[in-house]
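Numbering (this note's numbering), first residue to last: 1 to 268.
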């Protein structure tokens, strides 16, 4: 897959680019199997929901899985990221958000870059998220909501910081009570101007979205799981300063080696 100039222009305007069914059914099945296997292991980066038994997320699992280690170098993903960021890139974060059937919890409205700036010292939002649908994403199972065009302004000063109800640790960056979330009034004003979109599509679809794009998702009360794999590529010209104690390696990679695309057989 090669992205076009028109697609890049649309991404720069809206902060989003959706590519349906980039991966085959067989490739998705292999990724699903890897997620199921890792979900059963007590590994660093395995995050549970409030019930302490449902897996909410798996962080840094490209270091524990051959197929995910290959995925970050997939030519269609990597080349597109380099073109969008206009530079070589490295892996900043890798995670799978598992919004389980009946019990997947909310992700409050937020921008990703505030976490990376405040917690890691990332100089600018020159980073890109690539989401791979591991299940069909529909109107029932907690699809991601986005406010198109909201990446064009920073809302960090409106973020929720060190609330007395939110612990000041890395767990507050990945829980349903996010450390830096946006209030209802801000979201209402943004959506009045720009609206809300919820990209939906079959498993194997891919969604590129900007690190400053406002997004969130509702709880999943449907019988359908919504597993979403998210790769964050960062420009090699945008390496964080890591002031203070860095967050765990499974949350923020400190390997800044520029990625090179795999050739030939990529996943399976």
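Glycine residues also receive a C-beta, built at the ideal position from the N, C-alpha and C atoms.
Reference residue i; option with closest CA among the options
{"i": "residue 78", "options": "238, 232 and 240", "result": "232"}
{"i": "residue 107", "options": "246, 254, 239 and 228", "result": "228"}
{"i": "residue 53", "options": "10, 81, 142 and 100", "result": "100"}
{"i": "residue 105", "options": "254, 90, 262 and 222", "result": "222"}
{"i": "residue 96", "options": "127, 59 and 8", "result": "59"}
{"i": "residue 41", "options": "64, 26 and 22", "result": "64"}
{"i": "residue 88", "options": "31, 237, 115 and 247", "result": "237"}
{"i": "residue 24", "options": "133, 188 and 179", "result": "133"}
{"i": "residue 226", "options": "244, 245, 15 and 201", "result": "201"}
{"i": "residue 191", "options": "30, 149 and 4", "result": "149"}
{"i": "residue 199", "options": "140, 61 and 249", "result": "140"}
{"i": "residue 61", "options": "188, 83, 51 and 94", "result": "94"}
{"i": "residue 67", "options": "80, 31 and 123", "result": "31"}
{"i": "residue 138", "options": "261, 38 and 197", "result": "197"}
{"i": "residue 18", "options": "71, 6 and 193", "result": "6"}
{"i": "residue 102", "options": "142, 125 and 127", "result": "142"}
Extent of the continuous beta strand (DSSP E) run through residue i
{"i": "residue 178", "result": "Per DSSP, residue 178 belongs to no beta strand (DSSP E) and is neither H nor E."}
{"i": "residue 217", "result": "215 to 217"}
{"i": "residue 99", "result": "89 to 99"}
{"i": "residue 46", "result": "46 to 48"}
Three-state secondary structure assigned by DSSP to residue i
{"i": "residue 262", "result": "coil"}
{"i": "residue 164", "result": "Model confidence at residue 164 stands at a pLDDT of 47, short of 50, so the residue's coordinates are unreliable; what they give is reported in the following sentence. The answer is coil: DSSP assigns residue 164 none of H, G, I, E or B."}
{"i": "residue 56", "result": "strand"}
{"i": "residue 153", "result": "coil"}
{"i": "residue 113", "result": "helix"}
{"i": "residue 227", "result": "strand"}
{"i": "residue 68", "result": "helix"}
{"i": "residue 134", "result": "coil"}
{"i": "residue 255", "result": "coil"}
{"i": "residue 144", "result": "strand"}
{"i": "residue 85", "result": "helix"}
{"i": "residue 79", "result": "helix"}
{"i": "residue 210", "result": "strand"}
{"i": "residue 238", "result": "coil"}
{"i": "residue 19", "result": "strand"}
{"i": "residue 4", "result": "coil"}
Extent of the continuous alpha helix (DSSP H) to which residue i belongs
{"i": "residue 185", "result": "184 to 194"}
{"i": "residue 34", "result": "25 to 39"}
CB-CB length for residue i against residue j, believed under 8 angstroms
{"i": "residue 98", "j": "residue 146", "result": "Wrong, their Cβ atoms sit about 20 angstroms apart, outside the cutoff."}
{"i": "residue 234", "j": "residue 113", "result": "Contact flag wrong, Cβ pair sits at about 11 angstroms."}
{"i": "residue 256", "j": "residue 239", "result": "5 angstroms"}
{"i": "residue 217", "j": "residue 110", "result": "With a Cβ gap of about 11 angstroms, residue 217 and residue 110 do not count as contacting."}
{"i": "residue 16", "j": "residue 207", "result": "7 angstroms"}
{"i": "residue 73", "j": "residue 259", "result": "6 angstroms"}
{"i": "residue 76", "j": "residue 144", "result": "With a Cβ gap of about 21 angstroms, residue 76 and residue 144 do not count as contacting."}
{"i": "residue 247", "j": "residue 117", "result": "That pair is no contact at about 13 angstroms."}
{"i": "residue 8", "j": "residue 83", "result": "7 angstroms"}
is_contact[residue i, chain B] using C-beta, thresh 8 angstroms
{"i": "residue 51", "result": "No chain B is present in this structure, which holds just one protein chain."}
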